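Heads up: the structure comes next, in structure tokens.
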Ligand code: HPA
Ligand code: ZN
């Protein structure tokens, strides 16, 4: 079997995916028309051509603009369902999805509208596609602590639908310390925790996310290589990193895929996983991300499969079900 077919057929588990980042330009136009929202572009091709990013912030500005077309529960359902069909095509058997409630509540959309649309699609995905899933609620780190506390309060009646809380948006200037109290309260309510750290921000953000936010895994985390003792610790404790190769090259975290450190980290026994982050904006879903890494780094079939084994290990799937998958 050639490597392309091997990658296509390899079962995959996704652990770092922002549902708002799966909004393809075609669906953006469809929803804009349905909801009578003006877009500053004439065609989906023009939208795609505008996706040239110089750093994380330049992407986030575009990404929050795009999310304005999402208004009704059915919009969130349609968005999530389209992503699940991509999972099916890529042989993604389990996915853990982030959503950003504040992106929507800040513009007057009810929290329940967002959550119910996503949750209903995930339930249909389990029943009709056999794709298991978990949902992770992220706080936007550029907003203040009070707003995060308000958001945490909104999710409490829906605790059964959410496995963990996370932290995303602009890392520079918004360190994990800012959210220590919110995260500790979330833990008190029984949520697991994750956080974006060491994507653009310094290695201290990884240390502090582990210590102050008690995270189960690090989203991105690629800057860990700036501290070799930390890499040793992550490897020894098998603290997972949810790495997003195409995202990292599009946002200039690495100049080129052949400079990406994911393969080095794999060989240093860090529990690294491959994920798509915001596939509609970064040019690829799970298979594309695996393929992009394999095109720039010589990998054996065992190493490619290890990314999936790592993702099963790093997932929030319960232990009995994990055993059945490996
Ligand atoms: N980093 C931070 N915030 C985000 C990202 C990311 O890669 N994607 C969507 N929100
Ligand atoms: Zn992300």
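Residue numbers (our numbering): -14 to 311.
We treat Cβ as the ideally placed atom computed from N, Cα and C, and that holds for glycine.
Keep in mind the model is a prediction, meaning the values are calculated, not measured.
Cα separation between residue i and residue j?
i, j, result
"residue 281", "residue 28", "33 Å"
"residue 292", "residue 247", "10 Å"
"residue 77", "residue -6", "10 Å"
"residue 108", "residue 115", "10 Å"
"residue 64", "residue 283", "35 Å"
"residue 16", "residue 270", "21 Å"
"residue 181", "residue 110", "26 Å"
"residue 251", "residue 238", "18 Å"
"residue 219", "residue 23", "47 Å"
"residue 146", "residue 37", "35 Å"
"residue 87", "residue 6", "15 Å"
"residue 57", "residue 95", "9 Å"
"residue 117", "residue 235", "29 Å"
"residue 188", "residue 136", "28 Å"
"residue -9", "residue 103", "31 Å"
"residue 310", "residue 31", "42 Å"
"residue 190", "residue 201", "15 Å"
"residue 112", "residue 214", "45 Å"
"residue 272", "residue 286", "14 Å"
"residue 259", "residue -1", "7 Å"
"residue 130", "residue 20", "32 Å"
Give me the Cβ distance between residue i and residue j, rounded to the nearest whole Å; I'm assuming they're in contact under 8 Å.
i, j, result
"residue 3", "residue 83", "5 Å"
"residue 81", "residue 301", "6 Å"
"residue 149", "residue 176", "6 Å"
"residue 1", "residue 229", "6 Å"
"residue 276", "residue -11", "7 Å"
"residue 226", "residue 256", "7 Å"
"residue 232", "residue 212", "Not a contact, Cβ separation roughly 22 Å."
"residue 141", "residue 174", "7 Å"
"residue 224", "residue 203", "7 Å"
By Cβ distance, which residues of its chain are closer than 6 Å to residue i, with the 5 residues on each side in sequence left out?
i, result
"residue 184", "156, 205"
"residue 153", "123, 181"
"residue 71", "270"
"residue 254", "220"
"residue 9", "265"
"residue 90", "96"
Between which residues of its own chain and residue i is the CB-CB distance below 7 Å, once the five residues before and five after are set aside?
i, result
"residue 69", "106, 110, 114, 116"
"residue 127", "154, 155, 159"
"residue 42", "155"
Please list, in chain order, all residues of the same chain as residue i whose beta carbon is under 8 Å from its beta carbon, the five residues on each side excluded.
i, result
"residue 171", "137, 150, 178"
"residue 243", "281, 282"
"residue 67", "7, 9, 12"
- Segment contact flag, the segment 159 to 172 with the segment 194 to 208, C-beta cutoff 8 Å, min 3 pairs: The segment 159 to 172, when compared against the segment 194 to 208, does touch it at the 8 Å Cβ threshold.
- Message: When you compare the segment 295 to 310 with the segment 93 to 106, are there three or more beta-carbon pairs, one atom per stretch, that lie closer than 8 Å?
- Response: The segment 295 to 310 and the segment 93 to 106 do not touch, with fewer than 3 CB-CB distances between them shorter than 8 Å.
- Item | Neighbouring residues (CB closer than 6 Å to any heavy atom of the ligand ZN) | Every residue whose Cβ sits closer than 6 Å to any heavy atom of the ligand ZN is listed here in chain order: 1, 3, 153, 181, 204, 262.
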